[in-house]
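Just below is one structure, and these are the notes that go with it.
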Ligand SMILES: Cc1cc2nc3c(=O)[nH]c(=O)nc-3n(C[C@H](O)[C@H](O)[C@H](O)COP(=O)(O)OP(=O)(O)OC[C@H]3O[C@@H](n4cnc5c(N)ncnc54)[C@H](O)[C@@H]3O)c2cc1C
Ligand SMILES: Cc1cc2nc3c(=O)[nH]c(=O)nc-3n(C[C@H](O)[C@H](O)[C@H](O)COP(=O)(O)OP(=O)(O)OC[C@H]3O[C@@H](n4cnc5c(N)ncnc54)[C@H](O)[C@@H]3O)c2cc1C
Ligand SMILES: Cc1cc2nc3c(=O)[nH]c(=O)nc-3n(C[C@H](O)[C@H](O)[C@H](O)COP(=O)(O)O)c2cc1C
Ligand SMILES: Cc1cc2nc3c(=O)[nH]c(=O)nc-3n(C[C@H](O)[C@H](O)[C@H](O)COP(=O)(O)O)c2cc1C
Ligand code: FES
Ligand code: FES
């Protein structure tokens, strides 16, 4: 883990309110793994105050890429930064995905910006063994991942408004897929809104397929010091009732978590 | 008084840590007078929090100019803003200089950035009747005013380190000048560090010459609502013991003020 | 046919406001200072600068220091005093089409009473806001507001001498604000407003002296919003009279937080310095919010916190 | 010949620190979490996460909310408990070349005593910091810290059971902090630290629910610095034992303000989250400042406020 000044090499809009950020992060990239994240300081003033967590979406030599969506004060400021400006970046942080063995097949299920960590994961998987499902609200939200080191990867698309790909929830595609034979060697990797994740977990549980999810939580430190990012664990799995997204995650095996507790939280 | 969005048309370095800022302020310019100031909001976030007061240094059609020095958080941010960006500007504020009658001669005495409001004043005075004295720390701090609507005005320069013009305090030039005949029709206008102003006031008092000074004070509202910018008045002059720089000033007749009280303040 | 607009009106006990937005005392002068920019008549009410019997010069400068997301002030209740207020300000305030609330401050309980009785009968003054929470004066002020008995006695004295709704303004600088709130409620206050500023200070490391001549001052602005909101939440749950909430409100979203916490109206103070347009933005923002959310009457969301 | 460097060492009663910079409890874990970035040995001391007899899971999430120039936390003293601390953390802490201060918290006065006696004899623990000021727990915590008698009794109990210097950490959420400070001084405390967080809350206007599951939380960060500084200034003037100051310190200039106000040492908390490098920047900044200003020993500026 390193806290370094990173120069912005690209910060461009790639979909509705969605940006690709490229940073010169030569120190951080050397150990970064898919599923890990960074904490970015947006300003040297005190407002907005906390750093913002973002998954790593890919690495190219000394460049680190992030895909982010403008949702509030912090990401709005991030989107206004120009090439050449520098920001302070702490990373790589957290535990990433357990990358599938070469004999396993991987199904990646992304909901909206949940695609961010999965892009990096996909870069590490043989395209022949990869099935990348991605749901978006609408065609204008779709993120084209082919330029991001995935030129041979075709997204299996779903849009809520039927404007592109299959209409409806991306989890329908997942369910159809799992009905097909050969599912035993599959692992599912997922990231996206909580409602979608719950559906993915329900489906993989039904089919008894291993599922790794990447979660979000409000964070202050990102390194396990503040205990702010706690989430409820499946108590059967771990006797301490909370896990910490920044240190124990952000990637968890789905059975490690207590999915019944995640109702009130917004994602 | 208007609070308007003003687009930056120029923001360039003109001397050591000193910048010229040009704003498209078509509404504010229509009533602005020399000695008045504006309050600029530096960011739409909450840190830095308060607006910053700056004297108006000139007006060209719908353009309003400010000369500022980078001294802290706010002016550092101001100096990083680019042409094309917009900032919120409130003005014109305060009471300006009483412009000398055509039969009067004006001596302007500037110390460092105190030149800012005097540049605007000089633009309103016939160059033949104007004597513009300006003191700076060093040659690198000297602000060339000729481009600022004063092409026929020669600064009578003094530098503390003797690197340009007369060596030593600008007030020495003033004193020499006042020893010459014809001083009775003179008015002195001054702005600069407190120590210099005190000296100017002492000298003009000795020669019984009218003196108008422009003062600074910490400000919150800029319009007389908060009473934060109070300074001690000469009680002989006004029975209420405080004056407000934003509303009663920033330009005051020197005899309106209680100069003995201004020791501790930094300028 | 006129289109139906969301109804922003709220009630503070006997007092009716066209909308819940008031200006906080000491931050909007007498409504004249920002006249070029803000029409006071759009407001639910204006609370004028703290008034004392005699004129007060206030504390020596510097009186204002910026802090992270806020500011310290040590104005010291500088004001023109009762006589000048009645002569110079009241005629102008009379003609306003909004609730004029006079914030009063006394050195002693008697002075509070004397002020109240001097303002009796002036029907254009809609209510009194009793400041027992100013941190910037030696006598009176916060000394009353941190003691439940003294708070109650000031309240009673004002009520006895007044014909108007009496709002008591509380200090956040206390261990348990509910105790003070209940004391002034029991003393008969019609409403409570909070918070006044938190006491704070700043030091100039170059001169090694306090930045404020008065050493300490009152902290206001967004920095204090979380503290203010929690105190409002607590007081709303402790008393049965209406509460006016404020402290750090910058936009309509902040205002909504206070309404949801249970405030019947809100006060905007320091925000005005940074952005005079905040006043009208907040009123419009609340109206648009109601329209978007299908809220016909804003009063229905007061205290509608899901816990 | 080695060049003479400014002497940054300070004393907290019996405790000697190589420099006045400590980490604040709960913001630096056990010193291991930031190890890649911060060498704990550069510190004057580290105050570990609040320790209780039994492990505590803490409050339900969300536990953290950003606020203007600060944050609210409602961690609820989640910690591994005494046994795990002794087994898993102490061996590592033992080897540090800095003062390890253990922050302790109990549900009852007895629990404070029991914790103190369990830590007796462990010579690598330099001191105890007694947390009577946590706003995020139902029992104990702030309930003790807002009452002078209870504060004194906790202090006495810890002293009775301890062989170490005892620092008592005060809450800012009180009417007059000097009363509490004097009570713990009279009870025998060796030093006082302050401030713990101010109580605050935030509301999500979309869900209309409090943003923190625990409703309220503790406000920290630069937003509270002016309040913290004034409380430190007041306590320094009320007691004769050393004071550790903190609350919103982000850089060495902030640290200097607290030293000038009279704090013998300072704590850096929330700043670490935003900028882990703040720790070393502050220590270096103080050293450079001393050099530039010709200050041979930093202790000479403690309390050197020009009033
Ligand atoms: C491990 C992790 C990885 C993430 N990866 C990505 C990514 O690759 N791309 C992307 O667009 N977003 C990602 N997010 C979400 C991203 O952090 C938030 O969208 C962002 O913090 C919003 O900041 P804001 O100031 O724009 O929004 P605001 O709502 O103004 O933020 C206010 C506060 O809430 C916090 N917050 C708001 N939304 C979230 C959220 N969803 N998760 C955690 N904290 C939140 C902010 O950090 C901040 O402290 C990730 C979050 C986590 C925890
Ligand atoms: C009427 C008036 C006219 C001015 N005209 C000019 C001008 O034309 N050019 C120019 O360079 N400067 C001018 N100043 C000074 C200018 O306002 C300050 O230099 C500026 O506010 C510093 O902001 P900062 O954030 O960089 O400094 P910081 O020191 O970080 O500011 C911290 C706080 O102190 C206040 N402050 C700091 N210095 C001053 C000061 N000298 N006067 C008032 N408040 C101060 C700031 O407004 C802010 O609230 C003027 C001040 C006043 C009152
Ligand atoms: C410059 C200034 C002057 C103030 N004067 C008064 C006053 O005269 N009477 C009073 O009750 N409150 C006074 N206050 C407190 C405000 O009315 C308000 O309660 C406080 O600032 C918190 O709200 P805010 O954060 O929105 O400003 C003053 C505040 C400021 C900043
Ligand atoms: C996430 C978090 C956890 C904290 N945990 C503790 C704790 O366990 N014990 C304690 O005494 N103080 C605790 N505190 C308070 C800090 O030690 C410190 O007193 C406070 O945050 C003010 O300082 P700061 O603004 O520098 O953070 C905690 C603060 C934060 C932000
Ligand atoms: S964010 Fe601090 S422990 Fe996870
Ligand atoms: S700055 Fe507010 S009265 Fe002058």
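Residue numbers (this note's numbering), protein chains in the order written: chain A, 201 to 467; chain B, 201 to 467; chain C, -13 to 293; chain D, -13 to 293. Every residue gets a Cβ at the ideal spot worked out from N, C-alpha and C, and that includes glycine.
In the DSSP assignment, what residue or residues form a beta bridge with residue i?
i: residue 219 of chain A; result: A:213, A:268
i: residue 432 of chain A; result: A:442
i: residue 420 of chain B; result: Answer is none; residue 420 of chain B lacks a bridge partner.
i: residue 315 of chain A; result: None, per the DSSP bridge assignment.
i: residue 263 of chain B; result: B:224, B:260
i: residue 52 of chain D; result: D:57
i: residue 306 of chain B; result: B:330, B:387
i: residue 114 of chain C; result: C:88, C:152
i: residue 291 of chain A; result: A:202
Rounded to whole angstroms, what's the CA-CA distance from residue i to residue j? Just pull it up for me.
i: residue 170 of chain D; j: residue 134 of chain D; result: 8 Å
i: residue 457 of chain A; j: residue 447 of chain A; result: 14 Å
i: residue 452 of chain A; j: residue 412 of chain A; result: 6 Å
i: residue 31 of chain C; j: residue 137 of chain C; result: 24 Å
i: residue 255 of chain A; j: residue 172 of chain D; result: 53 Å
i: residue 16 of chain C; j: residue 75 of chain C; result: 7 Å
i: residue 277 of chain C; j: residue 226 of chain B; result: 35 Å
i: residue 204 of chain B; j: residue 231 of chain B; result: 14 Å
i: residue 467 of chain B; j: residue 396 of chain B; result: Note that residue 467 of chain B has pLDDT 37, beneath the 50 cutoff, so the model's placement of it is unreliable and the number below is only indicative. Computed Cα separation, rounded: 10 Å.
i: residue 275 of chain B; j: residue 428 of chain B; result: 21 Å
i: residue 537 of chain A; j: residue 296 of chain A; result: No answer is possible for residue 537 of chain A: the residues shown for chain A start at 201 and end at 467.
i: residue 261 of chain B; j: residue 236 of chain B; result: 17 Å
i: residue 320 of chain A; j: residue 18 of chain D; result: 29 Å
Between which two residues does the alpha helix (DSSP H) holding residue i run?
i: residue 67 of chain D; result: 67 to 70
i: residue 297 of chain C; result: No statement about residue 297 of chain C is possible, as the shown extent of chain C runs from -13 to 293 and does not include it.
i: residue 294 of chain C; result: One cannot answer for residue 294 of chain C here, as it falls past the ends of chain C, which runs -13 to 293.
i: residue 252 of chain B; result: First-last for residue 252 of chain B: 252 to 255, but that is the beta strand (DSSP E), not the alpha helix (DSSP H).
i: residue 206 of chain D; result: No alpha helix (DSSP H) holds residue 206 of chain D; the beta strand (DSSP E) holding it covers 202 to 206.
i: residue 273 of chain B; result: 273 to 280
i: residue 406 of chain B; result: 394 to 406
Who are the Cβ neighbours of residue i in its own chain at under 8 Å, not counting the five residues just before and after it?
i: residue 465 of chain A; result: With a pLDDT of 48 at residue 465 of chain A, under the threshold of 50, the predicted position of this residue should be treated as unreliable, though the coordinate-derived value follows. Result list for residue 465 of chain A: 394, in chain order.
i: residue 248 of chain A; result: 242, 273, 274, 277
Ignore the nearest five residues each way along the sequence and tell me which others in residue i's own chain have a CB closer than 7 Å to its CB.
i: residue 426 of chain A; result: 420
i: residue -7 of chain D; result: 282, 283, 284
i: residue 57 of chain C; result: 50, 51, 206, 207, 256
Give every residue of the same chain whose Cβ lies closer than 6 Å to the Cβ of residue i, excluding the five residues on either side of it in the sequence, and list them in chain order.
i: residue 385 of chain A; result: 304, 305
i: residue 200 of chain C; result: 45, 60
i: residue 289 of chain C; result: 248
i: residue 66 of chain D; result: 41
i: residue 6 of chain D; result: -4, 30, 251, 252
i: residue 316 of chain B; result: 255, 257, 267
i: residue 349 of chain B; result: 258, 323
Please indicate yes or no: does the CB of residue i lie closer than 7 Å to some heavy atom of ligand 7?
i: residue 120 of chain C; result: What this structure holds is ligand 1, ligand 2, ligand 3, ligand 4, ligand 5 and ligand 6, not ligand 7.
The beta strand (DSSP E) with residue i in it runs from where to where?
i: residue 411 of chain A; result: 410 to 414
i: residue 391 of chain A; result: 386 to 391
Worksheet item: With distances taken from each beta carbon to the nearest heavy atom of ligand 2, which residues come in below 5 Å, in chain order?
Response: B:237, B:250, B:252, B:253, B:254, B:255, B:268, B:269, B:271, B:272, B:273, B:274, B:275, B:313, B:316, B:416, B:418, B:450, C:52
Worksheet item: Given a limit of 8 Å on CB to CB distance, which residues of the region 235 to 257 of chain B reach chain E?
Response: Chain labels in this structure do not include chain E; the protein chains are A, B, C and D.
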